[in-house]
Amino acid sequence: MLSKDLLVVIKRKGTIRPKYLQNIEFAELLISLFNKFKGKKYKVLQEELKTFEQESKDYKVIRGLSNLLEQNCEFEIKSTLDAIKVRSFLFEKGIVTNDTERTQIIEQACDFFNTLKEEIENAFFSDLPEENLLKNLRRISPIDLIKKYNLSLTQTLLFNALELVISIESNYQQIFRQINYLGLMYEVEKNENERFEIKITGPASLFKKTKKYGTSFAKLLNYVINADKWSLSAKIEMKWGNEQKIYDFKLNSSDSILLHKNKTEIDDFDSEVEAQFYKDFKLYNSGWEIKREPTIIRTKNYITIPDFGFYKYGQEIFLEVVGFWTPEYIKKKIWKLKNAETKIMVAVNQNLNCEQEDFPGEVIFYEERIPIKPIIKILKKIDDMHIKAEIDKVKTVEITEDIVSIEEKAKELNVRVEVLKKLKLNNHHVIGDKIVSQNYLQQIKEEIGEEDNYKKVIRIISERNLTLSALDYIGYKIEWKGLVPVKIITTPN
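At position 320 of the sequence shown (counting the first as 1) the number is 304 in the numbering used here, and the numbers step up by one without a gap.
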């Protein structure tokens, strides 16, 4: 963050916005300058920066970028002696009134510390910041420096915020943890686009304007911009002449502003149980998309963030994992689930003192690992309901091809594969990933004839782009000897 005196803004018709930096010229020049002064005293670098500022109209920008670059610098003390001990020794010798006395005291210090005169001279103020040597500038690109600068400008502007309204589409858990940690009050509402908006204020702002919570808003910004999609608006109090005036500030993720994103642990799961369940569900390949902490759900005056969301047909199903927690936590969790605006499935550790009747909706108990099948069973009910609705709507379809990919045909007919598989297809069958006409199967049967050699029949079937399951539809089956297929035989009609 930057000090308030380095904040550069544009005010227009009741709105305010930081003067964001897009051009990398200043950033490139300053990085080059800092690298040029490696091994030199910090005060020498400061003198050069001061000259640079005086020659530019944008001295605040230069100073702001310089301050951020200094955070990437490594400084070192030039002397090997302890500066405090050297000063103490010299001051104990009393006030020096002429050069001769000074030389004598310096020589005494040389004897005491067993070193040269130059070392004593260098050590005297070597621990002061301006006397430190610039050892290294940690690698940073001009673009990254600009991103940090723009973020710092926004944070500094938010020091003067009276309230903050944010809308996000991910990273809920991290953001609400920070809101609670920072002791901020909030309200959750849906806007005209049916997206949740979080209005954040401090208690005092209900009665009078206050900047008390501005620093907290600035800290929260790091977590907001880590969301996939986000927007924010704020009421900013700033001076206009001799008066205080309130301005509107808006910013969102689609703005072409370069902003630095701090790394957060949003990819970490709260427990091994949740991490394992996520892997297991993805491997099952159910056709449902799974998302972690996908949204916020209102529960009267509170919110809850389900651990997982499942998505298909434009529908969303939520799952909350309840593991080892205190009785007070469990009690509060049950209350939230009962008062949630949306029903939430619950996976409950069976070692907790809970019954199925304690929870609303579907409950799955687990020991060490959340079972996948009960979840899939619940989701399959929804699958079946949607498939039945589509079947009732489509009734029948006309297929003229002898053999066609079921996926291609489903796309052509604008129905889902699952629906097409369950429809009554006149004179056609679904075999593997193909739809095959009865006439086409009859041709295969005639080609096989009395042939019973397994390999020859396999070749015929493969050349027709079908699997062995086609044999069931033309009156043949495989005879096995142990685990080895030996021949093809005719099945009785």
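Glycine included, C-beta positions come from ideal geometry on N, C-alpha and C.
By the Cβ neighbour-count rule, residue 134 is buried, with 16 or more other Cβ atoms within 10 Å of its own. With respect to the C-alpha of residue 237, the residue from 210, 289, 95 having the closest C-alpha is 210. Leaving aside the five residues that flank residue 329 on each side, the residues in its chain whose CB is nearer than 8 angstroms to its CB run, in chain order, 301, 302, 303, 304, 345, 346, 347, 348, 359, 362.
In this structure residue -4 is exposed. Its beta-carbon is surrounded by fewer than 16 other beta-carbon atoms within 10 angstroms.
In the three-state reduction of the DSSP assignment, residue 319 falls in the helix class.
Pairing residue 276 with residue 169, the inter-Cα distance amounts to about 25 angstroms. If you draw a straight line from the Cα of residue 10 to the Cα of residue 131, it is about 13 angstroms long. Beta-bridge partners assigned by DSSP to residue 389: 418. Each residue's CA atom was taken as its position, placing residue 400 and residue 391 some 8 angstroms apart.
By the Cβ criterion, the segment 400 to 411 is not in contact with the segment 432 to 441, since fewer than three pairs of Cβ atoms, one from each stretch, lie closer than 8 angstroms.
The closest CA to that of residue 222, considering only 143, 176, 150, 159, is found on 143. By the criterion of a C-beta distance shorter than 6 angstroms, residue 278 is surrounded in its chain by 293, once the five residues flanking it on both sides are discounted. Residue 162 has its alpha-carbon roughly 30 angstroms from the corresponding atom of residue 125. Here the alpha carbon of residue 51 sits roughly 15 angstroms from the alpha carbon of residue 120. The segment 25 to 33 makes no contact with the segment 91 to 99, as fewer than three CB pairs between them are under 8 angstroms. Fully contained in the segment 32 to 69 are the following beta strand (DSSP E) runs of length 3 or more, in chain order: 57 to 60. Assigned with DSSP and collapsed to three states, residue 408 falls in coil, not helix or strand. The beta carbons of residue 421 and residue 386 sit closer together than 7 angstroms. Residue ranges of uninterrupted alpha helix (DSSP H) with 4 or more members, entirely inside the segment 115 to 198 and ordered along the chain, are 126 to 142, 156 to 165. As DSSP reads the structure, residue 222 sits in a beta bridge with 229. Apart from sequence neighbours up to five positions away, the residues of its chain that approach residue 429 with a beta-carbon distance below 6 angstroms are 458, ordered along the chain. Between residue 157 and residue 289 the beta-carbon gap is near 5 angstroms, inside 8 angstroms, which marks them as a contact. Residue 53 and residue 129 have their C-alpha atoms spaced approximately 8 angstroms apart. Residue 411 and residue 423 have their C-alpha atoms spaced approximately 8 angstroms apart. Residue environment analysis places residue 174 among the exposed positions, since fewer than 16 neighbouring C-beta atoms fall within 10 angstroms of its C-beta.
Residue state for residue 106 is assigned as helix, using DSSP reduced to three classes.
Burial state of residue 214 is buried, judged by a 10 Å Cβ sphere holding 16 or more other Cβ atoms. With the rule of 3 Cβ pairs closer than 8 angstroms, the segment 79 to 99 does not count as touching the segment 38 to 47. Looking at the DSSP output, residue 350 shares a beta bridge with 333.
Check the Cα spacing between residue 220 and each of 208, 149, 274: the tightest is with 149. For residue 85 and residue 91, the gap between their C-alpha atoms comes out near 10 angstroms. Taken in chain order, the complete beta strand (DSSP E) segments of 3 or more residues contained in the segment 277 to 328 are 281 to 283, 286 to 288, 292 to 296, 299 to 306. Taking the C-beta atoms as reference points, residue 48 is found no nearer than 7 angstroms to residue 141.
One alpha carbon belongs to residue 206, the other to residue 59, and they sit about 28 angstroms apart.
Assigned with DSSP and collapsed to three states, residue 384 falls in coil, not helix or strand. By a beta-carbon distance limit of 8 angstroms, residue 460 contacts residue 432. Their separation comes to about 7 angstroms.
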